[in-house]
Every structure is written in structure tokens, then in C-alpha cells.
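These notes are about the structure you will find just below.
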Amino acid sequence: MPRSYWCCTAMRRSLWQSAMRITSSFGSSLQGVRYYANRMETRGRQPMSGSTSLPTRTADRGPLQRSSLRDDAARVLRARIVGGELEVGRLYSIGEISAELGTSPTPVREALLELANNGLISMVRNRGFKVTEMTDEDLDHLVAIRMMLEVPASAQVAAMHPVPDLADVKALCAEIEDAAARGDLTTFLAVDRDLHLALIGKLGNPRLTRMVGELRDQSRLYGLGPMLDTPQMAESAHEHTLIVDAVEAGDADETARLVEKHLSHIRGHWSAHR
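My numbering puts the first residue of the sequence shown at 30, with every later residue one more than the last.
Here it is, written out as C-alpha cells:
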């Protein structure tokens with residue numbers, strides 16, 4: 030073979046090994062995260078039967094009503110893990126969670142396998158699952174990476190010409206402010222995830238969107254619970270509207286400033302160390 034062939038092969042191998050090292054630094058595998066990329070393209074945001082809003086905190090403990098029970102179960106469980114409603118160290122049974130969500134064990138089991146692939150939980154064979162513990166150092170590293178990714182990505186959306194259609198993101202801003210007003214933490218967290226990923230998704234880079242989604246899922250925002258029904262909760266919700274307004278105005282610098290301020294809450298009053 031020509032020498033150039035072997036040089037290119039060695040270079041490709043080196044780049045692949047570097048990419049794998051970078052991926053492993055995020056603390057969990059990117060395998061098994063097809064869910065969000067597919068959902069952004071095919072699911073849209075179909076309302077629940079007989080309702081135009083997302084499930085409330087009470088409804089999240091009642092029967093699921095969306096078309097995909099597995100996706101719905103994953104969405105609810107993910108929000109409850111991030112918000113601290115599902116506690117670290119406690120063993121939860123699939124039957125217990127299925128009963129709370131009013132569905133059969135099968136979609137719950139499938140949802141849990143997805144969350145396990147993303148490092149949010151660990152499965153205990155024939156017994157159930159436990160929420161993965163995150164140390165303060167883990168959370169500091171996560172926030173640092175999120176700052177590196179989400180701040181410039183959001184600013185890049187604002188710098189797009191023309192500015193992309195933001196109707197879906199604006200609708201999510203209204204939903205999250207409504208959830209804050211109702212004191213609905215589970216919906217607040219679920220819509221918060223949807224909103225940020227929808228905004229970054231305007232760049233058309235599904236790998237970036239999946240990576241940011243996975244990092245967000247590993248965050249722990251235990252301080253939000255005590256903030257329910259307080260002005261701080263409403264202010265936190267309204268920050269999303271300010272960010273989207275800056276994007277719509279094409280102000281990349283202001284967008285970057287607002288997103289950085291927003292993410293700084295993760296290790297501030299949103300964290301409430303346990």
C-alpha cells in the first residue's frame with residue numbers, strides 16, 4: 030500500500046481514539062440516546078387527550094395519557110430524578126413506579142433501561158433501580174461543560190440570518206411560566222429541558238443536541254422544590270422568555286450573557302446541597 034494510505038489510516042485511528050476519550054469524559058455513554066433526536070423530529074408536541082397542557086405534578090402521579098407510554102414515563106422519571114423527588118440510595122421497584130404512573134410495567138421498564146443507558150439510574154436485578162449519586166465535583170464538571178456548549182450554541186442561534194422560527198420555543202416559554210405559577214415542579218423541569226434543546230436544535234446539529242440533553246439529565250436541581258410558589262420561581266421561569274427575546278432580536282452577546290447567568294443558578298440557589 031502507498032505510504033499515504035497508512036498515514037491516513039493512522040490519523041483516522043488517532044482521531045477516533047481522541048473522540049472516544051472526549052466522549053468518556055462526560056461521565057456516561059452516548060449510546061442509547063436516540064430517543065430525543067427522534068422525538069424532536071417525529072413526535073412534535075402532541076397534547077394529552079382532552080388537554081392542551083403538559084401533565085401537572087398531580088397528574089404525573091396519575092395515569093399516563095400520551096400516545097407513547099415509554100416516552101412519557103421516561104420524561105416524568107427524568108424530571109423527578111433531576112428535581113430530587115426520586116431519592117439517591119433508595120431502592121424503587123418497577124411495580125411501585127408503574128402503579129404511580131397508572132401503566133403496566135413494560136413501558137416503565139423500557140423507560141428505565143433508557144435512563145440507565147444515560148447514567149441516571151442503576152438497575153438492580155429482580156428488585157428495581159436506584160438513582161445514581163452525583164458528587165459536588167461531578168456537578169461542577171457538568172456545569173462547566175454545559176457552559177462551554179450551551180452559551181456559545183445559544184449565541185450562534187441568535188447570530189443566524191435569518192433568525193429561525195421560534196414559535197415552538199415561545200410556546201414552551203409560556204408553558205414553563207404557567208408551570209411555575211401553578212407550583213408544578215415536574216412539568217417545570219420537563220419543559221425546561223424541552224425548551225433549551227429546542228433552541229439549540231435550531232442549529233441543526235443533532236449530536237450537539239443529544240450531548241446537551243444528556244448533560245442536562247445528569248444535573249441535580251434539589252433547590253427548586255423549596256422555591257415553589259415564590260417570586261424566585263417565577264423569575265427563573267421568566268429568564269427563558271428573556272433569552273428567547275434576545276435570540277429573536279439577533280443579539281448574540283446578550284443571549285450569551287443571559288444563558289450564562291441562567292446556567293449559573295445550577296450550582297447556586299437551584300442546587301440546595303444535600
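Glycine included, C-beta positions come from ideal geometry on N, C-alpha and C.
Only residues of its own chain outside the window of five on either side were considered, and among them Leu201 have a CB closer than 7 Å to the CB of Asp223, listed in chain order. In this structure, Ala184 and Thr284 form a Cβ contact; the two beta carbons are roughly 5 Å apart against a cut-off of 8 Å. Val288 counts as buried, since no fewer than 16 other beta carbons sit within 10 angstroms of its beta carbon. The C-beta distance from Val172 to Ile295 rounds to 5 Å, short enough to meet the 8 Å contact threshold.
Annotation for Lys159: no alpha helix (DSSP H) segment contains it, though the beta strand (DSSP E) segment containing it runs 157 to 160. Its Cα nearest to that of Ala182, the residue Leu226 stands out among Leu226, Gly112, Pro134, Asp213.
Restricting attention to Asp207, Ile174, Arg211, the CA atom closest to the CA of Gln247 is found in Ile174.
Looking at Gly118, Val105, Glu129, the one whose alpha-carbon comes closest to that of Met152 is Gly118. With a 10 Å radius around the Cβ and a threshold of 16 neighbouring Cβ atoms, Gly124 comes out exposed. Pro136 counts as buried, since no fewer than 16 other beta carbons sit within 10 angstroms of its beta carbon. Ranked by Cα distance from Leu106, the first of Leu218, Gln261, Asp282 is Leu218.
At a Cβ-Cβ threshold of 9 Å, Lys231 and Met189 count as neighbours.
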